[in-house]
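Numbering (our numbering), first residue to last: 305 to 1363.
Remarks on the structure that follows.
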Amino acid sequence: MRWLRDYFHLCTTSNRRFMEYQPRSIERKWLKWWQETGTYRVSSQGKKPKYYILDMFPYPSGAGLHVGHPLGYIASDIVARFKRLQGFNVLHPMGYDSFGLPAEQYAIQTGVHPAESTERNINRYREQLENLALSFDWSREVRTSDPGYYKWTQWIFMQLFSHYYDLEAQKALPIAKLVQHFEHYGSSEIRAVCNEDTPSFSASEWKAMTEEEQQTLLMCYRLTYPEESYVNWCPGLGSVLSNDEIKDGVSERGGFPVERKLMKQWTMRITAYADRLLDGLDHLDWPDSIKEQQRNWIGRSHGTSVRFGVEGHPEDYIEVFTTRVDTIFGVTFMVLAPEHELVSKITTNSQRDEVASYIKWAGSRTDVERMAEGKKVSGAFTGAHAINPFNGALVPIYIADYVLAGYGTGAVMAVPCGDERDWNFAQHFKLPIIPILDTQRDLDKSADATKEGRYINSGMIDGMVYEAAVPTLVGWLEERGLGAGKVQYKLRNAIFSRQRYWGEPVPVYWKNGLPYLIEECDLPLELPAVDQYLPTETGEPPLGRAQGWRYTAPDGQQYDYELNTMPGWAGSSWYFYRYMDPSNSSEFCGKEALDYWKQVDFYIGGAEHAVGHLLYSRFWNHFLYDLGKVPEQEFAKKLVNQGMIQGRSNFIFRAKERFFEEYVWLKVLKPFFEEEQPINMEKLGHEEGMHYDFAFASNDLVIEVTSRRQEEKIERVLKSAAADGKRLLVLTNEELADYINDPSATAGKIRRALLGREPYYMTEEEPKSNALYVSCHLTSKYTPDAFSRLHVDVNIVENDVLDLSKAAGLPMFERASFKLDADGKFHCTSEVEKMSKSKFNVVNPDDVIERYGADCYRMYEMFIGPIEVAKPWNTNGISGVAGFLRKFWDLFFNEQGWRVVDEVPDKEELRHLHYAIKKVTEDIERFSLNTCISHFMIMTNELRALKCHKRAILEPAVVLIAPFAPHLAEELWRHFGHTETVCDAVWPICQEEYLQREVVVLPVQINGKHRGNIEVAVGLEGAELEKLVMEQEFVQRNLGGASVKKFIFVQNRIINIVI
RNA sequence: GCCCGAGUGGUGAAAUGGUAGACACGAGGGACUUAAAAUCCCUUGACCCUAAAGGUUGUGCAGGUUCAAGUCCUGUCUCGGGCACCA
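Listed below in structure tokens is the structure:
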């Protein structure tokens, strides 16, 4: 009975349908199994070495994923699975950066709470991501908008508030320590990072201060503090933006204009970490471009600060920063920023009006205007003069907006002979230009910034070279307290407030105009409900709308909360730690988990975060490291940027009226008259201001080509023709389109009209077409403006050929007719563009997966090219990968079913397997995943040619392919009888001895030119080899009797004979 | 303007200083088929030439180093990205 049942089973299941590679049924099965058995659960315990591979988490946008998004996820998943097979305990998590503007904008428009729309988007993302078989441990998912998560974002903010940066210790220390110091020593002998204008005070002065005065002073030291400053205010978004959120003077998101506005904002004292953030880059395995961008952003420059006296104001001085103190004898004027504090004080009465109007003008200009004007010179003379400390020379003081208030001291010493901007300014205001180096040339034409040569007109450094001059000058300044060597940064402290709803509330309340932290036990400070997501009538942020949202402080009093929320980068600056211990409610991450996972080993994400997320995360990480809360200075050891996947748009050409006119001429009239008796014909008739498309000189017929929808035009032509005494033939675009592949039908109509007597011909037949599309190869015969070029949905195009049956279903092509190519196909043109809905080039991964399977999709994304490079998505090539997967499958199955046998493999089979093991292992390690796929293809083609179906070869091959095509591998793995998942198999190891061959084919070059190949035994070398090579016919022939100068032999590589 | 990065067939691309174009797509030809699809086989950088063979040339351009250069060096052009009155 059993036998009978098995036989029956075999009969029903061994039909073709079952033995063919059916990706979707396999994939659904294993996806479910993996979910149900928790295959991707990760535990933080165990003796295995750890490996933490992380993708930058996405903002869950409403549009869902397109084929470009998963590129990095697939790549990281392959590495994660590979490392797991190699015996690592791999952490490969995913979550959502779920606070953000789009959800809030949507809320403003629809009233839907951002939490609700965000939840919906996340669910969609989750579904799409799961389809890709990414081995994420979903039990560790984090969301930055989850109160259980942002509790710890707020906690980190509180730590920053209660710490200052100590320059002695080179780390953050508790503010209490600073207070202690003040109580004993005042501000003397403290070396801490603080605001520029922080006053000095003694211990007794400190003690005499009120609570408010003390707190105000401490704000100058805290690592996050509220500050009145000029910010980038974006009225369009109703919020402040940071510098990296602005591109080309408008907001990166939305493209709204941005203006300067003085506002009180929370600020992060990132500049305290400038040096460490810069120096830390040297030890990171990150792309050079990212490191370089961060270096530029931090912008450290070494120079000198110099004090210039002001004539008539002995108590004041102007401090400048310069990187070229050696040029100080070339100073012929000074320039202050219009906002400089001394401007009003030193301006003379006669110049007061001019200066005031310049300041007003400069302040009114937006960044966009400034940028548009470029380097146009503007400025105003203050009437005052500065005193050069070295030679006492008096130089005029100007203000100009090319000097930035925010950088350095907001003042520059102008050296027109060496600085282009100063030179331009000097030319414009007719100021003197003094040469200071004997090598400077053509100073009447432009500045010369050289450091070469010896100084002239330069007092104490006359005759010296650059290297000697700088220390001389700096020494002289330092001795007299007039200046010192100084390091200057471009990096600004980061504005941390946003006037938005959908962000983390700042855990602060205000008392007597001063901010205080709420109690830690009151965390998280949750977002309150509001009636609308807009600013209040009084201009306060949306949180100002929350009814009765006040803090009850320990003193029992109620106070107002801070109404700003945190910026988008707050939650993303530490999320990598939360994955290690996602549900910990007493710490942001437990110590045990931190000690085990330590830091991210491999981080993958887009290059657009180069100076935003990646710099802020490093900043917070350095801070947490100072507090002893995290084990490593840097959060991510290695970083790779995946390139964008661009869209590949397809275009079709729709015929315009011009086309039909040209068509009638080219395809109908011209051949018609060539065949028949030649008739004198004017292409265009012209009578009484009326153009006919075609008018015959020897006949009273005129032809008009137009759309039948243009009834008015037809009417007009008809009238005109009647007045001219012409008979009229109207050919409509629509009927021409109907008969587009049969010009003789139209020719017949013309012939009948020519011979006929009727005054007016127009078809009565209802046309089938309302538009005509022309295959792109045919368009070259017509003028370009005979067509409109339109985007066509790439999903109905394959290999640039329009699928007419799919097109017929679209409203766009209802009643359209198509002029096909000679091959009977309709061809489109293509172009690479950004992937976007409006360009109809968005390819949804779900569709690709449904058709080819997730394994095929994963492999194809990797196969297109290197991860780091931007490249266009083109579904065409996927058939190559699909074919490969089927061939691979066919090594295991034929029509009869499972065909794997237990025979002993031969040398050649082993060599192909082990070569693939070697190449794939190496290539995954150097993150070259596209070439891995090639190696799989080569191996499969070879094994197929060898008709190899041996278990000893195919079983390791399944493990090898498992990171790339996990479903397929799981299915095949189980057929071998395994009950455990292929994810926990053992990665095969390449055994070099199988790679050895007995003979090797060596290319032979003569003078570097390839002349032929020679097959020699491995290991043959020296005189014996040389003799064998020289005996070759092709060698002798190409030598032409010349004597050999040198015989070069590179083992297993090449032979080169030099003559 | 400054700083990065990249230029290789019709296309995506490959190549520790060692036969340039692996692996694919597309295209062309053939087999199977009543036909189509699917599948399989052959050809495929350009040019010259042949019966077979063979040869010339070729990695943006111009030089250089080397027995040997897509790869290293110098200069130059083009494209992409970043920064931009940063003193």
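Virtual Cβ for every residue (Gly too), placed ideally from N, Cα, C.
Beta carbon of residue i, beta carbon of residue j: below 7 Å?
i	j	result
tryptophan 1177	tyrosine 356	no
threonine 1010	glutamate 1039	no
alanine 1111	phenylalanine 1117	yes
threonine 840	valine 719	no
leucine 527	arginine 573	yes
histidine 1274	tryptophan 334	According to the sequence as given, residue 1274 is glutamate; it is not histidine. Yes, the pair counts as a contact, with Cβ atoms nearer than the cut-off.
phenylalanine 361	tyrosine 410	no
valine 1204	histidine 1253	yes
Could you check what DSSP says for residue i in three-state terms: helix, strand or coil?
i	result
glutamine 851	coil
proline 1115	helix
proline 693	coil
serine 1347	coil
valine 1208	coil
proline 832	coil
alanine 641	coil
glutamate 1319	strand
glycine 789	strand
alanine 753	coil
proline 775	helix
tyrosine 967	helix
isoleucine 1363	coil
methionine 985	Low per-residue confidence applies at methionine 985: pLDDT is 49, beneath 50, and the placement is therefore not dependable, though the value from the model is reported in the following sentence. Methionine 985: strand per DSSP, three-state reduction.
serine 1238	helix
glutamate 1244	It is threonine, not glutamate, that sits at residue 1244 in the sequence shown. Note: threonine 1244 maps to helix in three-state DSSP.
tryptophan 924	helix
CB-CB under 7 Å to residue i, same chain, minus the five flanking residues each way: which ones, in chain order?
i	result
threonine 842	none
valine 1305	Asn1317, Glu1319
glycine 415	none
serine 1073	Glu1038, Ala1041, Asp1042, Arg1119, Ala1120, Ser1121
leucine 1364	The requested residue 1364 does not occur in the structure, where the chain is confined to residues 305 to 1363.
Report all residues from its chain with a CB closer than 8 Å to the CB of residue i; omit the five preceding and five following residues, and keep chain order.
i	result
leucine 1108	Phe1122, Phe1130
glycine 350	Asn393
glutamate 1172	Pro591, Val944, Asn945, Gln946, Gly947
To which residues of the same chain is residue i closer than 6 Å at the C-beta, ignoring the five residues directly before and after it?
i	result
aspartate 381	Leu438, Ser439
aspartate 997	Glu965, Ile1007, Glu1008, Val1009
glycine 613	Tyr621, Ile691
glutamate 1246	His1216
Compare the Cα-Cα distances from residue i to each of the options and report the closest residue.
i	options	result
cysteine 1287	Trp337, Gln861, Glu936	Trp337
phenylalanine 687	Asp905, Phe637, Phe729, Asn816	The sequence shown places glycine at residue 687, rather than the phenylalanine named in the question. Out of Asp905, Phe637, Phe729, Asn816, Phe637 has the C-alpha closest to the C-alpha of glycine 687.
phenylalanine 278	Phe927, Gly1344, Ile1363, Gln1309	Because the chain spans 305 through 1363 in this model, residue 278 falls outside it and cannot be assessed.
valine 1034	Asp899, Ala666, Lys1053	Lys1053
leucine 829	Lys815, Tyr855, Arg804, Trp814	Tyr855
arginine 611	Met717, Thr1179, Val968, Lys1017	Met717
tyrosine 469	Arg447, Ile460, Ala496, Thr457	Ala496
cysteine 1160	Leu585, Val554, Phe1268	Phe1268
isoleucine 462	Ala1346, Thr448, Glu472, Pro478	Position check: residue 462 holds methionine in this sequence, whereas isoleucine was assumed. The shortest Cα separation from methionine 462 among Ala1346, Thr448, Glu472, Pro478 belongs to Pro478.
alanine 833	Arg1230, Glu756, Gln413, Gly848	Gly848
glutamate 961	Asp930, Ile908, Leu405, Thr1036	Thr1036
histidine 1282	Ile1293, Glu1259, Leu1329, Leu1022	Glu1259
proline 256	Ala773, Ala798, Tyr920, Cys1294	One cannot answer for residue 256 here, as it falls past the ends of the chain, which runs 305 to 1363.
valine 554	Cys538, Met567, Lys565	Cys538
arginine 1375	Glu1019, His1081, Met1334	Beyond the ends of the chain as shown, which are 305 and 1363, falls residue 1375; an answer cannot be given.
arginine 952	Asn1045, Gln792, Met1139	Met1139
isoleucine 1100	Leu838, Val1147, Gly714, Leu777	Val1147
At what residue ranges does the region 1249–1310 contain a whole run of the alpha helix (DSSP H), taking only runs of 4 or more? The qualifying runs are 1255–1265, 1270–1279, 1296–1299.
Which runs of the alpha helix (DSSP H) spanning at least 4 residues fall entirely within the region 426–492, listed in chain order? As far as the region 426–492 is concerned, its whole alpha helix (DSSP H) runs of at least 4 residues are 451–465, 479–489.
What are the complete beta strand (DSSP E) segments, minimum 3 residues, inside the region 489–534? Within the region 489–534, no complete beta strand (DSSP E) run reaches 3 residues.
Return the chain-ordered ranges of every beta strand (DSSP E) run that is complete within the region 373–418 and spans a minimum of 3 residues. Fully enclosed beta strand (DSSP E) runs of no fewer than 3 residues occupy 393–395 of the region 373–418, in order along the chain.
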